[in-house]
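Enquirer: Sending over a structure as structure tokens; questions will come in a sec.
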Amino acid sequence: MIGLQFYPDKVIQALIKELPNPRWSQEFSMVYIINTKENLTKVFEKFRGVAWINGNSFFKEKPVRDNQPVDINRYRNRSKTTSYKYVPEEYLRKLELKRYALNTCKTYITQFEKFINHYSNKDTMTLSEQEIRSYLQHLIRKNKSNSYLNQAINSIKFYYEIVMGMPNRFYSIERPRKEQRLPGVLSKEEIISMIEHTNNIKHRCIISMLYSAGLRRSELLNLKLMDIDSKRMLIHIRNAKNNKDRYSLLSEKVLKDLRNYYKQWKPKQYLFEGQKGGKYSNTSVENIISKAAQKARIFKRATPHMLRHSFATHLLENGTDLRYIQTLLGHSSSKTTEIYTQVATNNLRSIKNPLDL
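For the sequence shown, the positions run 3 to 359 when the working numbering is used.
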């Protein structure tokens, strides 16, 4: 059943009566309706724009942030050929009902379609654990990364366990061992050199903000003008990874550059927009970082995420509490943030090298 709890409200009560066969549970003291895909969709449609639905107790895999459906209709509306197997409608619908992030949906759909087309002549429901292992071995022989393998496994398990309702059907499928890789970090001098070798004010702001606020590339591109709070010197990052909002630091130097940038470029909605409006592209940001690093004669491969790693590492080296860094980065677990203790060098510098003793 789908249980519905709410504060007394005549509008909500009237809308609930319009749902399919609502009943009252004396045991749980709440209204309930039968738990079907159709009924769950009707709940969200009925209250959209009227009430915010908190589904944390209902959706165990992912918390529900808002009532807006993920738009994956382009996968439904693709021009199709008979020689290719496409992800079934039930798969798309479950991704929507679970409110998975758009990037997660894209990854799951792409990976699952590669899997079912590997066995294009077989019914997906008849595939065994051994055939899934054979597919994973096929990916390993193609030198796919551990994260790629995990994405493939997640997309396959999602179909059998979530879409088809077969919990733990492939529980024994082996996952690759986690890689203990340290994050790549640039020195503060290298980052300043990158900024100084960037003449374009827009590119200068992009590099400066990625570093000074510890932003992910997607977070930077999603920033809107109203998210820059110059009075409190904060940046409001909305609906970031795992559907979280948070604040990060706004540098006084960056604010000065942002004001000059705004006068020149006059963005309308997003802080950084393309020539024809709309969000600035991922590729453009990547290219800006790469070219700035080349001009600064930095020979290691610089990426937008490396600037985020550098932000966290430099804060830690300057004595900032790890819990504050965790909050600024938006990490759910402190264990994720603790990786920076392995690359921070402030304690290592105090150790005398035995060759120099």
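Heads up, the beta-carbon is just placed ideally off N, CA and C, and yes, glycines get one too.
Predicted model only: the values in this text are computed from it and were never measured.
Quick one: Cα of Leu129 to Cα of Ala304, how far?
Expert: 43 Å
Enquirer: To the nearest angstrom, how far is the alpha carbon of Ala294 from that of Gly279?
Expert: 24 Å
Enquirer: Is Lys438 helix, strand or coil when you go by DSSP?
Expert: For residue 438 there is no data in the structure shown, the boundaries of the chain being 3 and 359.
Enquirer: Classify His140: buried if its beta carbon has 16 or more other beta carbons within 10 angstroms, exposed otherwise.
Expert: It counts as exposed.
Enquirer: Which residues does DSSP list as the beta-bridge partners of Val33?
Expert: Leu6, Trp26
Enquirer: Taking 8 Å as the threshold (C-beta atoms), are Thr339 and Leu2 in contact?
Expert: There is no way to answer for residue 2, as the model of the chain reaches only from 3 to 359.
Enquirer: Ignoring anything shorter than 4 residues, give me the alpha helix (DSSP H) runs that lie fully in the stretch 262-303, in order along the chain.
Expert: 284-297
Enquirer: Please return the same chain residues whose Cβ sits closer than 8 Å to the Cβ of Thr347, not counting the five positions on each side in sequence.
Expert: Glu319
Enquirer: Short check: CB of Phe114 to CB of Tyr161, under 8 Å?
Expert: yes
Enquirer: Are His205 and Ile290 close, meaning C-beta to C-beta below 8 Å?
Expert: yes
Enquirer: Helix, strand or coil, according to DSSP, for Gln70 in the structure here?
Expert: Low local confidence applies: a pLDDT of 45 at Gln70 is under 50, so the model's placement there is unreliable, and no value is given.
Enquirer: If you follow the alpha helix (DSSP H) that Arg76 is in, where does it begin and where does it stop?
Expert: 75-78
Enquirer: Using the C-alpha atoms, what's the distance from Ser312 back to Ser189?
Expert: One alpha carbon belongs to Ser189, the other to Ser312, and they sit about 7 Å apart.
Enquirer: Measure the CB-CB distance between Arg177 and Ile142 and report whether it falls below 8 Å.
Expert: no
Enquirer: When you compare only the Cα positions, how much space is there between Thr329 and Ala314?
Expert: 11 Å
Enquirer: Does the structure place the stretch 230-241 close enough to the stretch 296-310 that three or more beta carbon pairs sit under 8 Å?
Expert: no
Enquirer: May I have the straight-line CA-CA distance separating Ile35 from Leu17, to the nearest angstrom?
Expert: 13 Å
Enquirer: Taking C-alpha atoms, which residue in Lys302, Met127, Lys281 lies nearest to Ile158?
Expert: Met127
Enquirer: In angstroms, rounded to a whole number, what distance separates the CA positions of Ile74 and Thr112?
Expert: Their backbone Cα atoms lie some 12 Å apart in a straight line.
Enquirer: Can you say whether Gly216 is buried or exposed, counting buried as having 16 or more other CB atoms within 10 angstroms of its CB?
Expert: buried
Enquirer: What residue range does the alpha helix (DSSP H) around Tyr342 cover?
Expert: Looking at the DSSP string, Tyr342 is not in any alpha helix (DSSP H), and its letter there is neither H nor E.
Enquirer: Check Ser250 in the structure and name its three-state DSSP category.
Expert: strand
Enquirer: With distances taken from CA atoms, which of Leu99, Met196, Lys144 is nearest Gly57?
Expert: Leu99
Enquirer: In whole angstroms, give me the CA-to-CA distance for Ser122 and Glu133.
Expert: 13 Å
Enquirer: In the DSSP assignment, find the unbroken alpha helix (DSSP H) run with Leu138 in it and report its ends.
Expert: 131-143
Enquirer: Do Ile164 and Glu131 have their C-beta atoms closer together than 8 Å?
Expert: no
Enquirer: On a CA-only basis, which of Val187, Val89, Thr109 is nearest Tyr342? Give me that one, please.
Expert: Val187
Enquirer: My assumption, with CB atoms under 8 Å, is that Ala298 sits in contact with Met211. Please give the rounded CB distance.
Expert: So it is not a contact: roughly 18 Å between Cβ atoms.
Enquirer: When the Cα atoms are used, what is the spatial distance from Pro269 to Asn105?
Expert: 25 Å
Enquirer: So Lys274 and Ile208 are supposed to be a Cβ contact under 8 Å. How far apart are they, rounded?
Expert: According to the sequence as given, residue 274 is Phe; it is not Lys. Confirmed, about 6 Å.
Enquirer: Could you name the residues of the same chain whose beta carbon sits closer than 7 Å to that of Tyr137, not counting the 5 residues immediately before and after it, in chain order?
Expert: If the five residues before and after Tyr137 are omitted, its C-beta is found closer than 7 Å to the C-beta atoms of Phe117, His120, all from its own chain and listed in chain order.
Enquirer: Can you pull the DSSP bridge partners for His238?
Expert: Note: His238 sits in a beta bridge opposite Tyr249.
Enquirer: Which class does Asp323 belong to by DSSP, given the choice of helix, strand or coil?
Expert: The three-state reading of DSSP puts Asp323 in coil, since its state is none of H, G, I, E or B.
Enquirer: Is the beta carbon of Leu225 sitting closer than 8 Å to the one on Tyr272?
Expert: At a Cβ-Cβ threshold of 8 Å, Leu225 and Tyr272 count as neighbours.
Enquirer: Excluding the 5 residues preceding and the 5 following Leu317 in the sequence, name in chain order all residues of the same chain whose CB lies nearer than 6 Å to its CB.
Expert: Hits under 6 Å: Ile327.
Enquirer: So what does DSSP say about Asp125, is it helix, strand or coil?
Expert: Asp125 falls in the coil class under three-state DSSP.
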